[in-house]
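Worksheet: the structure to be examined is printed underneath.
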Ligand code: SDX
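Written out as structure tokens, the structure reads:
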């Protein structure tokens, strides 16, 4: 039980991982965190509350939530020496490799909390990652803008603190827009876990070697970076921008996709598991309208996105292949309206996915029956042959 990972020989994508964290029904478009439908959590919960639920398995009492939230708020600062770490990167560095490196580097400051089988040390690492990853992510963003880094503020909640670290400057006070913070809280909830996706499987496989939580999460960040996975939200914006700049109609673009010209895909569409509408995409789309109206987001790009969706949902090519919008199709438009550049979109996905990675890693590591993951293969190479001249 828990996280024992085995792979059918030669079929890398089939793994009978047992997990109690998240349930997905891809045909019915159902997503539940510890049994609670994503639609309920999206309406009522805070991201910190959802993080608690995923990690500890139950919704917190008010006292438990207050204590958990206080622990996170009061550990958001990082060691001053770690801030110097960022000066080693070029300003043009993509924030995802910067974040993955910084999370790995974080572990070098904490020799007291790296034992993956010590419950107390796992608890300390949990709080340290939840509280410090947004700070590191904001520092990566600040680095790319050539702006000074701010210190976190304990009187701000999770989303507010991150927004201020990203957009605040030392020269003046930064007022967090509560509607933006609320929208970010929702988007973080929608990304918080998703069963055994590529990055979570990476976190589990790395952790199964008894690598510490920081190293495992750093590996997960690198897996998420790929455009087929978390990088898709950035790829969607690039796709919409290219349609806009080339002046082609969404309809003409769809023909390119259907003809598979230069491997063009409709980014933000399709899913390994959902063969129905991704329930998260439905919630994001409703938020997109509200936020873009408020923020004066790029209506033209939203219009292109909605025309692409309308066309795809009515087109046999997509219907036959069960290709529907996934969580990444609309999120980029919202992040852009919030003021984030495309390169930060997948970083926001990583902050959201962090509690899921931690919950899945803990489920596996705190289960004594877990063995090291060891995928097998179907050998397709040469049969035995001898080196010339060897007797
Ligand atoms: C995430 O696993 C998770 O849970 C991931 C995630 C999470 O929360 O962790 O949900 C987050 O990663 C969402 C997915 C984001 N990626 C994208 O939006 C990139 C675009 N989508 C694809 O590249 C693709 O749909 C995948 C990778 C997501 C899923 O691919 P599959 O299920 O392996 O499908 P496939 O590659 O086997 O394709 C099946 C058919 C093919 O056509 P044929 O060869 O049969 O003619 O569908 C076509 C593909 O060409 N197809 C697409 C398409 N996705 C699949 N055609 C056009 N556009 C697309 N997006």
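Numbering (the numbering used here), first residue to last: 835 to 1225.
Quick reminder that beta carbons are idealized off the backbone N, C-alpha and C, glycines included.
| Item | Value |
| --- | --- |
| As assigned by DSSP and simplified to three states, the class of residue 943 | helix |
| Near ligand 1: residue 1105 beta-carbon under 7 Å from a heavy atom | yes |
| Complete runs of the alpha helix (DSSP H) confined to the stretch 1115-1147 [at least 4 residues] | 1133-1147 |
| Chain-order list of residues whose beta-carbon lies under 6 Å from that of residue 858 (same chain, five-residue window excluded) | 865, 1029 and 1107 |
| Residues bridged to residue 866 (per DSSP) | 857 and 871 |
| Closest by C-alpha distance to residue 913, when choosing among 966, 1167 and 1190 | 966 |
| Rounded C-alpha distance that separates residue 989 from residue 925 | 30 Å |
| Enclosing alpha helix (DSSP H) for residue 1008 [first to last residue] | Counting along the chain, residue 1008 falls outside any alpha helix (DSSP H), and DSSP gives it neither H nor E. |
| Straight-line Cα distance separating residue 1204 from residue 1129 | 48 Å |
| Buried versus exposed call for residue 1004 [16 or more other C-beta atoms within 10 Å across all chains shown] | exposed |
| Option in 952, 1216 and 1169 with minimal Cα separation from residue 1122 | 1169 |
| Segment contact flag, the stretch 1108-1127 with the stretch 1149-1162, C-beta cutoff 8 Å, min 3 pairs | yes |
| Residue 1066 beta carbon near ligand 1 (any heavy atom closer than 7 Å) | yes |
| Coarse secondary structure for residue 1159, derived from DSSP in three states | strand |
| Start and end residues, alpha helix (DSSP H) containing residue 851 | Element bounds for residue 851: n/a, residue is neither H nor E. |
| Coil, strand or helix - residue 782 by DSSP | Missing from the structure shown is residue 782; the chain here goes from 835 to 1225 and no further. |
| Length of the line joining the Cα atoms of residue 982 and residue 976 | 7 Å |
| CA nearest to the CA of residue 1046, picked from 1177, 944 and 984 | 944 |
| Residue span of the alpha helix (DSSP H) that contains residue 977, given as start and end | 953-979 |
| Reference residue 1065; option with closest CA among 1088, 929, 1087 and 1050 | 929 |
| Exposure label - residue 1081; buried when at least 16 CB within 10 Å | exposed |
| Reduced DSSP secondary structure (H/G/I, E/B, other) of residue 919 | helix |
| Close-in-space but distant-in-sequence residues of the same chain around residue 1104 (CB under 6 Å, 5 per side omitted) | 1157 |
| Contact test: residue 1161 Cβ vs ligand 2 heavy atom, cutoff 7 Å | This structure lacks ligand 2; the ligands present are ligand 1. |
| Residue 1091 Cβ short of 7 Å to ligand 1 heavy atom set | yes |
| Residue 1200 versus residue 1182: straight-line alpha-carbon distance, rounded | 28 Å |
| Heavy atom of ligand 1 within 7 Å of residue 928 beta-carbon | no |
| Residue 1014 versus residue 997: straight-line alpha-carbon distance, rounded | 9 Å |
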